[in-house]
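Accompanying notes for the structure given below.
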Amino acid sequence: MDVTLVSIITKLKKISVKDKSTNDTLYLTTQDVDNVVRRSKGYKQLCIETTLIIVQTSSGILGAWYLETATSTSLKQLHAIMENDSSIPDGNQSLSISFASPVEALQVAAPTAVMIDRIITPIWYAIGLIGNPICTKIWLDRKMRKNNSSAIYLGSIAIVHLSFICLHIWVELLFAYNVSTYNFTIGCEIFNILYMTPQCAAPLLILGFTVERYIAICHPFTKEKYCTVKRAVKVVAFLLAIAFCFSSVQAYIWTFRPSLPRGCDIRSTATDFNLVWTWLSETLIFGVVPFSVLIFNILVIKEIKKISLNNTLVGGCKEHGSGSNQTSTITLLSVSFYLICTLLPATLVYAIQPLISQGSLNIPPHLWPTDPVWSRYLIYYTIRKFVEEICLSNYACYIFIYYITSAYFREECKRMFLEPFLNREPRQKTDGMRITSFTTNCTVVDSAGKTTIIKD
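Note that numbering that gives the first Met the number 0 numbers the sequence shown so that position 345 is 344, with each residue one more than the last.
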């Protein structure tokens, strides 16, 4: 509700704001208000929303404080901004009205969303910061990566996931706790490049792993040519370069605005470009890539069923070796479907975001749930936060997939954690997911009683 500022006076170290319509007086306690009061005398309007006082200029929000909890520090910050911001209007102009700081407003209007963000996210951090280094060490072990091209992809995915979680912590501090991190000059541009790179790289690497398994299963005669460690390293480097190129566009899109609460904002000259680029990149990286992974997985499953059926018809086949081909294929299918289940919902949620508008910014945060437009947005925001947490699990929980689907990974985990406590020599490692050979012997008996052993 807008009120006319009748007077701002210094009395017993308090700022007194009097509402002309109700004759009520609100006090903002502080220990150092003289300069702020002297600087504020020219302002014609303030926005008093129950216990919130909000000051904003054309360049952004200057401050938003709860009257009963405001401190001298907040007032000093407001004064510093007023003294240094050339965009402050003169005394004959009115200040525009807007909402409080996002974190404070959401704590009032959408406490469930804030709770989801602050409780579940640290759990994924703990799992990812522990699990991804373990996955990296196991898959990129010298003996493992020497003969196993799949290990190159899995180890690279673990590194990318770990990088994303480390960067996501900075985002979480800023958006969930209002702690300044990367919101400074040049920081917005550089950070958004780094932040988007692992997000683009993860699905691309899984696509590369999927294509490699598709070749090994559906085109076994070309496996020795395409499914090699050297080629896997080149493919990983190429996919990372593509991800970086896609992400480098963020330097043009983002800029730093010191007048805004969070600092980083879309560049005014890149508004239309950002809309087009976001749809393009979201469609390609987070739509087409997962869909392609799904198609290749379907082809792999069909080929596996075909092989199983043929083996049954020829009189029984016995697999020889470690069964590593089956192991890596099961791991692939598990990782791929987990990616699809976590990524596609997030893509859908972000795709419909432009269709969900916010309500009037003049409405106090505690009344947002009762406003039809704000209520719709808050429901969407809460659902989006829940989906974001599901998506974030994709960067933390692969260790569980590997432990369940790979006997080699289980053995290495046991060796890594149990051997230091056992007074015995480390046992020799085994290549539990080696994919360089996969032979099947089939015994066929024809009508004449002749026995033939076929090696595939």
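Even glycine gets a Cβ: it sits at the ideal position worked out from N, Cα and C. Being a predicted model, the structure only gives us computed values, none of them experimental.
For valine 292, which residues in the same chain have their Cβ closer than 7 Å to its Cβ, ignoring the five residues on either side in sequence?
Position 293 of the sequence shown, counting from 1, holds the residue named residue 292. Only Ile205, Leu206, Thr209, Ser335, Leu338 and Ile339 meet the Cβ criterion.
Give me the residue from Ile351, Pro364 and Ile300 with the minimum Cα distance to serine 333.
The residue given as residue 333 occupies position 334 in the sequence shown. Looking at the Cα atoms, Ile300 is the closest of the given residues.
Decide yes or no for the touch test of the region 158–177 against the region 121–138: beta carbon pairs closer than 8 Å, at least 3 of them.
yes
Nearest-angstrom Cα separation, counted from glutamate 188 out to tryptophan 253:
Counted from its first residue, the sequence shown places residue 253 at position 254. Counted from its first residue, the sequence shown places residue 188 at position 189. C-alpha separation (whole angstroms): 6 Å.
Any contact of the region 406–415 with the region 365–372, i.e. 3+ C-beta pairs under 8 Å?
no
Which partner residues does serine 264 have in the DSSP bridge list?
Counting from 1 along the sequence shown, the entry for residue 264 is found at position 265. The residue you asked about is not serine; residue 264 is aspartate in the sequence shown. According to DSSP, which records beta bridges pairwise, aspartate 264 is partnered with Thr254.
Under 8 Å, with one C-beta from each stretch per pair, do the region 184–204 and the region 242–253 reach the 3-pair mark?
yes
Can you name the start and end residues of the alpha helix (DSSP H) that glycine 154 belongs to?
The residue you call residue 154 lines up with position 155 of the sequence shown. Its alpha helix (DSSP H) spans residues 148–176.
Just the Cα atoms here: how many angstroms apart are lysine 224 and histidine 218?
By 1-based counting over the sequence shown, the position of residue 224 is 225. By 1-based counting over the sequence shown, the position of residue 218 is 219. About 11 Å.
Output the boundary residues of the alpha helix (DSSP H) element that contains serine 392.
In the sequence shown, the residue the question calls residue 392 occupies position 393. 371–392 is the extent of the alpha helix (DSSP H) around serine 392.
Is the CB-CB distance between alanine 350 and cysteine 390 below 8 Å?
Against the sequence shown, residue 350 aligns to sequence position 351. Against the sequence shown, residue 390 aligns to sequence position 391. Against a cut-off of 8 Å, the Cβ pair of cysteine 390 and alanine 350 comes out as no contact.
Got a sec? Which residues, its chain only, sit under 6 Å from glutamine 249 by beta carbon, not counting five neighbours each side?
Within the sequence shown, numbered from 1, the residue matching residue 249 stands at position 250. Correct list, in chain order: Asn191, Ile192 and Met195.
Using a Cβ distance threshold of 8 Å, determine whether the region 144–159 contacts the region 175–184, with at least three qualifying pairs required.
no
Give the secondary structure of cysteine 244 by DSSP, where H, G and I count as helix, E and B as strand, and everything else as coil.
The residue given as residue 244 occupies position 245 in the sequence shown. Note: cysteine 244 maps to helix in three-state DSSP.
What residues in its chain sit with their C-beta under 7 Å from that of glycine 286, if we drop five residues either side in the sequence?
Along the sequence shown, read from residue 1 onward, the residue named residue 286 stands at position 287. Excluding sequence neighbours, glycine 286 sits near Thr346.
Relative to the C-alpha of isoleucine 284, which candidate in Leu308, Pro353 and Leu238 has its C-alpha closest?
By one-based count along the sequence shown, residue 284 stands at place 285. The shortest Cα separation from isoleucine 284 among Leu308, Pro353 and Leu238 belongs to Leu238.
Consult DSSP for histidine 365 and reduce its assignment to one of helix, strand or coil.
For the purposes of this step, residue 365 is taken as the residue at position 366 of the sequence shown. Three-state result, histidine 365: helix.
Would you give the residue range spanned by the alpha helix (DSSP H) that glutamate 418 belongs to?
In the sequence shown, counting from the first residue as 1, residue 418 sits at position 419. Run containing glutamate 418: none; DSSP gives neither H nor E here.
Coarse secondary structure for leucine 342, derived from DSSP in three states:
Position 343 of the sequence shown, counted from the start, is the residue given in the question as residue 342. Residue state, collapsed to three classes: helix.
Collapsed DSSP secondary structure at phenylalanine 183 in the structure displayed
Taking the sequence shown and counting its residues from 1, the one referred to as residue 183 is at position 184. Correct three-state label for phenylalanine 183: coil.
Quick one: what does DSSP say glutamine 357 is sitting in, helix, strand or coil?
Here residue 357 is taken as the residue at index 358 of the sequence shown, counted from 1. Coil, per DSSP.
Do the region 163–174 and the region 116–125 touch if we need at least three Cβ pairs shorter than 8 Å?
yes
Considering just the uninterrupted stretch of the alpha helix (DSSP H) at proline 101, what are its terminal residues?
Locating residue 101 in the sequence shown gives position 102, where the first residue counts as 1. Start and end: 101–108.
So, are the CB atoms of cysteine 134 and tyrosine 397 less than 8 Å apart?
As a first step, residue 134 must be located in the sequence shown, where it is residue number 135. As a first step, residue 397 must be located in the sequence shown, where it is residue number 398. The answer is yes: Cβ separation under 8 Å.
On the criterion of 16 or more Cβ atoms from any shown chain inside 10 Å, does tryptophan 138 qualify as buried, or is it exposed?
For the purposes of this step, residue 138 is identified with residue 139 of the sequence shown, where counting begins at 1. By the 10 Å Cβ count, tryptophan 138 comes out buried.
From the DSSP output, in three-state form, read off phenylalanine 217 for me.
For the purposes of this step, residue 217 is taken as the residue at position 218 of the sequence shown. For the sequence presented, residue 217 should be read as cysteine rather than phenylalanine. Cysteine 217: helix per DSSP, three-state reduction.
What is the DSSP secondary structure of alanine 201, reduced to helix, strand or coil?
Position 202 of the sequence shown, counting from 1, holds the residue named residue 201. In this structure, alanine 201 counts as helix in the three-state DSSP scheme.
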